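Line by line, the protein sequences are chains A and B. Residue 66 in numbering that gives the first Met the number 0 sits at position 67 of the first sequence; the count goes up by one each step and never skips. Residue 16 in numbering that gives the first Met the number 0 sits at position 17 of the second sequence; the count goes up by one each step and never skips. A short worksheet on the structure shown next.
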Amino acid sequence: MPNEFVKKVAEEKYKFGFTTDIQTEIIDKGLNEDVVRLISQKKGEPDWLLEFRLKAFRYWKDQKAPSWGHLRLPEIDYQDISYYADPTRKQQQSENKEIDPELMKTFDKLGIPLEERMALSGMAVDAVMDSVSVKTTFKEKLAEKNIIFCSISEAVKNHPDLVRKHLGSVVPYRDNYFAALNSAVFSDGSFVYIPENTRCPMELSTYFRINARNTGQFERTLIVCESGSYVSYLEGCTAPMRDENQLHAAIVEIVVMDNAEVKYSTVQNWYPGDSEGKGGVLNLVTKRGLLKGHHSKLSWTQVETGSAITWKYPSCVLQGDDSQAEFYSVAVTNNYQQADTGTKMIHLGKRTKSTIISKGISAGKSENSYRGLVKVGKQADGSRNYSSCDSLLLGSECGAHTFPYMDVQNNNATVEHEATTSKISEDQLLYCNQRGISTEEAVGLIVNGYAKDVLNKLPMEFAVEAQKLLSVSLEGTVG
Amino acid sequence: MLEIKNLHANVNGKEILKGVDLTIRDGEIHALMGTNGAGKSTLSKVIVGDPSYEVTEGSIMFDGHDLLAMKPEERANAGIFMSFQQPIEIPGVSMANFLKAAVNAKRKYQGLDPMKASDFLSMMREKRKLVSMDSKLVNRSVNEGFSGGERKRNEIFQMAMLEPTFCILDETDSGLDVDALRIVAEGFNKLRKPETSAIIITHYQRLLDYITPDTVHVLLDGRIVKTGGPELAKQIEDNGFDWIKGGSINYDFESVTC
Chain A
0 MPNEFVKKVA
10 EEKYKFGFTT
20 DIQTEIIDKG
30 LNEDVVRLIS
40 QKKGEPDWLL
50 EFRLKAFRYW
60 KDQKAPSWGH
70 LRLPEIDYQD
80 ISYYADPTRK
90 QQQSENKEID
100 PELMKTFDKL
110 GIPLEERMAL
120 SGMAVDAVMD
130 SVSVKTTFKE
140 KLAEKNIIFC
150 SISEAVKNHP
160 DLVRKHLGSV
170 VPYRDNYFAA
180 LNSAVFSDGS
190 FVYIPENTRC
200 PMELSTYFRI
210 NARNTGQFER
220 TLIVCESGSY
230 VSYLEGCTAP
240 MRDENQLHAA
250 IVEIVVMDNA
260 EVKYSTVQNW
270 YPGDSEGKGG
280 VLNLVTKRGL
290 LKGHHSKLSW
300 TQVETGSAIT
310 WKYPSCVLQG
320 DDSQAEFYSV
330 AVTNNYQQAD
340 TGTKMIHLGK
350 RTKSTIISKG
360 ISAGKSENSY
370 RGLVKVGKQA
380 DGSRNYSSCD
390 SLLLGSECGA
400 HTFPYMDVQN
410 NNATVEHEAT
420 TSKISEDQLL
430 YCNQRGISTE
440 EAVGLIVNGY
450 AKDVLNKLPM
460 EFAVEAQKLL
470 SVSLEGTVG
Chain B
0 MLEIKNLHAN
10 VNGKEILKGV
20 DLTIRDGEIH
30 ALMGTNGAGK
40 STLSKVIVGD
50 PSYEVTEGSI
60 MFDGHDLLAM
70 KPEERANAGI
80 FMSFQQPIEI
90 PGVSMANFLK
100 AAVNAKRKYQ
110 GLDPMKASDF
120 LSMMREKRKL
130 VSMDSKLVNR
140 SVNEGFSGGE
150 RKRNEIFQMA
160 MLEPTFCILD
170 ETDSGLDVDA
180 LRIVAEGFNK
190 LRKPETSAII
200 ITHYQRLLDY
210 ITPDTVHVLL
220 DGRIVKTGGP
230 ELAKQIEDNG
240 FDWIKGGSIN
250 YDFESVTC
């Protein structure tokens, strides 16, 4: 009976694990300069972008994957992956360029309706499957305010100057191994441009879906928020259940000008692998925001429940005086998942302020690490950082680790760090049980309570989803 | 009806209960007294199903069900409620959310749909008044930052919300001042239905001044050694337990029904 139950939970757990059977154009496996040229050609890119890709590729070729993470990263055979998969072939061939109903159905099933009349109120979506953006909703409505929200491929065509100015300005291709790889082969992602003194009237979001087998997803997102503007951006992701690992190496760059504010929220639910640790997405991501203007604000909120391996440090460069950055994170690992995630706060401007709230939850045989750097430069007088890193352990076979780094070069800066590690106590479970609440539900309640400070930062609809996700990710871990 | 027969229980391999027999019929209130370490709290933990206690012998029947075969949450949903001696904190979980989960778990057990949010809120408001509980406490996390007295009051508030048929008050009077004790006891009396039965574990007569027991038991060294009426509690208040330990006792076998 208990085995039955555990089995049921394990099977039910990842409800986005289906595959879509769709005609997909996939280029041959392997990576070399010709492949880079081919991707660029397929996307009809200008020469400067091809040059950018080639430079990145040549740099990447001579580099080695980083090994400093608290991760057992499997050897990745980069020649055994296809770098471009286009599920919109049918659409290209059809006369009226209508979206393949199969694709519409897929996103419907994921809870992301692509028909605007059915859409969640107040949310525009860019839906990306494999290497291609399928559709961006409410584009016209946003254009009325001169807001640009489209796929990055489209932005390269229609707004080349903007893309050229900012692409690689926050995360240069030499930044790290996976950033170089992404810069060479990136396919699609979203582009957001908020002009001066404009408050984006709806939430913008991108939904990433990996579908095709043996392909990597290398999305690239660029957000530029001009002076006095505001945008809230959400990112969600899922993938089918497959036995082999799938590679996902993305870059997100954000530029925030004077008095502007960007909120970036992620609910990452890539396929985590099965309960034996087989399969799952390798999520190797570089996300960084440049707070270029004075009094600019950027907050990263992430709920990380998926992926076999997560290697991700959404960071902020606080360049403008009086700029403020926040990082709120809940990272859950279960079974054999491994997460090494955290942030970097680089204080350059005067009176800059950053806050880090990280909540790690480990269960099963998983390993969960917080890794963070707080750096205060010589000029950053009066800057402040507050970091709080909590770990919650469920069971006795999992690990929680904290690696906080500090580099303070200014005597007028204040840097605080707090860390706790706790377990769900038997007493708490009995107390809940005695009130009629089952152990499964009690764990969900307690974990959500633990993560509340972070979940509260998410936009409403996301917060509800995230709460459910936390409970589901941890089902079967106690008792 | 709760029927305990020859109950033996261990914690960490040490035998604490050494053959307890106790029958509590619907509507009866039994007080359980005894020295520290006699096994009073162990008995209550075994009844609610604390997994750290191991039952080695004996049985507990509750309304015809084999209680020991039921999970702790099933026992709760079947109508058993314990007011904890030391209520537990659950950071970040509001009392309202906690109770909503509890109330709906019970409804699910009874085959009912979850309660509507508006009905739930008005129920909370009404029950809160019964125990004079501050509305601010209801919005706070479960027991977090509550004073000792507030925690005990909160236990009775939860009892009000869950409407159990069998209650265990485990030293609910400890840590309460006279006024709080009166409010808690009066709350319990108001909540009590004719069929509600209870075990009241206490060291003092003062709670029994408000809640009159039908029967008083003395538990010493893992066994019930004396049973009597309300006057027994008064005798203990005056003379302590030594006279019972001493042996010059009249075991009242009549009321130790099996």
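Backbone N, C-alpha and C define an ideal beta-carbon position, used for all residues, glycine too. These numbers come from a predicted model, not from an experiment.
Query: For L444/A, go through chain D and note every residue whose CB falls closer than 8 Å to its CB, in chain order.; Result: Any reference to chain D falls outside this structure, whose protein chains are A and B.
Query: Would you say N175/A faces chain B, with C-beta separation under 7 Å as the test?; Result: no
Query: Please check the pair E366/A and H69/A, which I expect to be a contact at CB under 8 Å, by giving their CB distance rounded to whole angstroms.; Result: 6 Å
Query: In this structure, how does DSSP classify S306/A when only helix, strand and coil are distinguished?; Result: coil
Query: Report the rounded CA-to-CA distance for S328/A versus K286/A, giving the unit in angstroms.; Result: 14 Å
Query: Flag this pair as yes or no: are the beta carbons of R198/A and Y229/A separated by less than 7 Å?; Result: yes
Query: Per DSSP, what kind of secondary structure is Y108/B in: helix, strand or coil?; Result: helix
Query: Would you mind stating whether K44/B and D20/B have Cβ atoms separated by less than 7 Å?; Result: no
Query: Against N76/B, what residues of chain A qualify as contacts under a CB-to-CB distance less than 7 Å, listed in chain order?; Result: G435
Query: Less than 7 Å between CB atoms is the rule here; does D118/B satisfy it with respect to chain A?; Result: no
Query: Could you give the DSSP three-state label for R173/A: helix, strand or coil?; Result: coil
Query: Residues of chain A with CB closer than 9 Å to the CB of V47/B, please, in chain order.; Result: L429, N432 and Q433
Query: Using only CA atoms, which one of I209/A, V127/A, P194/A and F185/A lies nearest to K144/A?; Result: P194/A
Query: How would you label H64/B, buried or exposed, when you count the other beta carbons within 10 angstroms and need 16 or more for buried?; Result: exposed
Query: Determine the direct distance from the alpha carbon of V442/A to that of E230/B, and round the result to whole angstroms.; Result: 46 Å
Query: Using only CA atoms, which one of S146/B, S51/B, G78/B and E2/B lies nearest to H29/B?; Result: E2/B
Query: Please confirm if K467/A has its CB atom under 7 Å from at least one CB of chain B.; Result: no
Query: Would you say Y449/A faces chain B, with C-beta separation under 7 Å as the test?; Result: yes
Query: Taking the continuous alpha helix (DSSP H) assigned at S39/A, which residues delimit it?; Result: E32 to K41
Query: With a threshold of 8 Å, are at least 3 pairs of Cβ atoms found where one atom belongs to the region 67-85 of chain B and the other to the region 424-441 of chain A?; Result: yes
Query: On the CB-based measure, 16 or more other CB atoms within 10 Å of its CB, does Y250/B come out buried or exposed?; Result: Residue placement at Y250/B is poorly supported in this model, since its pLDDT is 49, which falls under 50; the coordinates still yield a value, given next. With fewer than 16 other Cβ atoms within 10 Å, it is exposed.
Query: Which chain B residues sit within Cβ distance under 7 Å of D426/A?; Result: I87
Query: Would you say A104/B faces chain A, with C-beta separation under 7 Å as the test?; Result: yes
Query: Below 8 Å, how does it come out for the region 49-65 of chain A and the region 261-281 of chain A: are there three or more Cβ pairs, yes or no?; Result: no
Query: Examine chain A for any beta-carbon lying closer than 7 Å to the beta-carbon of P212/B, and answer yes or no.; Result: no
Query: Buried or exposed for K296/A, please, with buried defined as at least 16 other CB atoms from any protein chain shown within 10 angstroms of its CB.; Result: buried
Query: I need the straight-line Cα distance from D426/A to L219/B, nearest angstrom please.; Result: 26 Å
Query: Determine, for E72/B, whether the minimum Cβ-Cβ distance to residues of chain A falls below 7 Å.; Result: yes
Query: Output the boundary residues of the alpha helix (DSSP H) element that contains T41/B.; Result: K39 to V47
Query: Kindly list, in the order they appear in chain B, the residues whose Cβ is closer than 9 Å to that of E440/A.; Result: E72, A100 and A104
Query: Quick one: is N333/A buried, meaning 16 or more other Cβ sit within 10 Å of its Cβ, or exposed?; Result: buried
Query: Can you tell me which of the three DSSP states T23/A falls into?; Result: coil
Query: Taking only the alpha-carbon atoms, compute the straight-line gap between D33/A and N258/A and give it to the nearest angstrom.; Result: 44 Å
Query: With a cut-off of 7 Å, does the C-beta of M158/B fall near any C-beta of chain A?; Result: no
Query: Count the other CB atoms within 10 Å of the CB of G36/B; is the residue buried (16 or more) or exposed (fewer)?; Result: exposed
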